[in-house]
Amino acid sequence: MGAEPAAIAVAVVIRAGHVLVGRRDNSAADAAGLHEFPGGKVVPGETLADAAARECLEETGVAVTISALLDTGISSSSNGPIELSFFRADPIDPCPEPLAPFEWTPIAGLPGLAFPPANACLIARLHALDATQGGS
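Encoded structure:
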């Protein structure tokens, strides 16, 4: 029987037609050089939403509120299978400056960036939503 997937919570932080995106180091064990949203492993006793908010603050310095589950997906990492939960997040501070390598990226530009395959449906959904709202 296969290993139980590790729970990974991801914050998709949206502000004025932009989303918080970083690029993984080229030497990273997984998804080297690819773009990502802030997120990471859920610790015991933590909800998925709480983990997404905590990981976002730890990785980007941006405090957020979580409002909705946007998408889920299954993938694999060098440590085995992972189950991703992508949450809509809004910055608490209206104009936060994130820590490098994260930056505010126009939603319209997401399809041109290289993300892990497990992000494809979410990227398409965000891009379509932004297009219907006329971008920002």
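Residues are numbered in the working numbering as their position in the sequence shown, beginning at 1, plus a constant of 409. Even glycine gets a Cβ: it sits at the ideal position worked out from N, Cα and C.
Report yes if the C-beta distance between residue i and residue j is below 8 Å; otherwise report no.
| i | j | result |
| --- | --- | --- |
| L478 | A527 | no |
| D439 | S486 | yes |
| F496 | V421 | yes |
| D502 | A517 | no |
| D428 | T514 | Residue identity differs from the one stated: residue 428 is Val in this sequence, not Asp. Cβ distance < 8 Å, so V428 and T514 count as in contact. |
Does DSSP put residue i in a helix, in a strand, or in coil?
| i | result |
| --- | --- |
| R534 | helix |
| R463 | helix |
| D539 | helix |
| G442 | coil |
| G448 | strand |
| G482 | strand |
Using C-beta distances below 8 Å, list every residue in its chain close to residue i, excluding the 5 sequence neighbours before and after it, in chain order.
| i | result |
| --- | --- |
| P520 | I532, A533, H536 |
| I417 | G448, G449, K450, V451, I491, E492, L493, S494 |
| C530 | D480, G482 |
| G489 | A412, P414, A415 |
Can you name, in chain order, every residue of its own chain whose Cβ lies under 7 Å from the Cβ of residue i, other than the five neighbours on each side?
| i | result |
| --- | --- |
| G470 | P507, L508 |
| C465 | A420, V422, P447, V471, V473, A498 |
Taking all protein chains shown into account, do 16 or more other C-beta atoms lie within 10 angstroms of the C-beta of residue i, making it buried, or fewer, making it exposed?
| i | result |
| --- | --- |
| E467 | exposed |
| P500 | buried |
| C504 | exposed |
| A498 | buried |
| A425 | exposed |
| A458 | buried |
| F437 | Strictly speaking, residue 437 in this sequence is Ala, with Phe absent from that position. Exposed: under 16 other Cβ atoms inside 10 Å. |
Just list the residues that DSSP pairs residue i with in beta bridges.
| i | result |
| --- | --- |
| P500 | V473 |
| E512 | V430 |
| P490 | S485 |
| A416 | E492 |
Looking only at its chain, what residues have a beta carbon closer than 6 Å to the beta carbon of residue i, apart from the 5 residues adjacent to it on each side?
| i | result |
| --- | --- |
| L522 | H444 |
| S545 | Note on S545: pLDDT 49, under 50, position unreliable in the model; the coordinate value appears next. Taken in chain order, the residues that qualify are A425, G426. |
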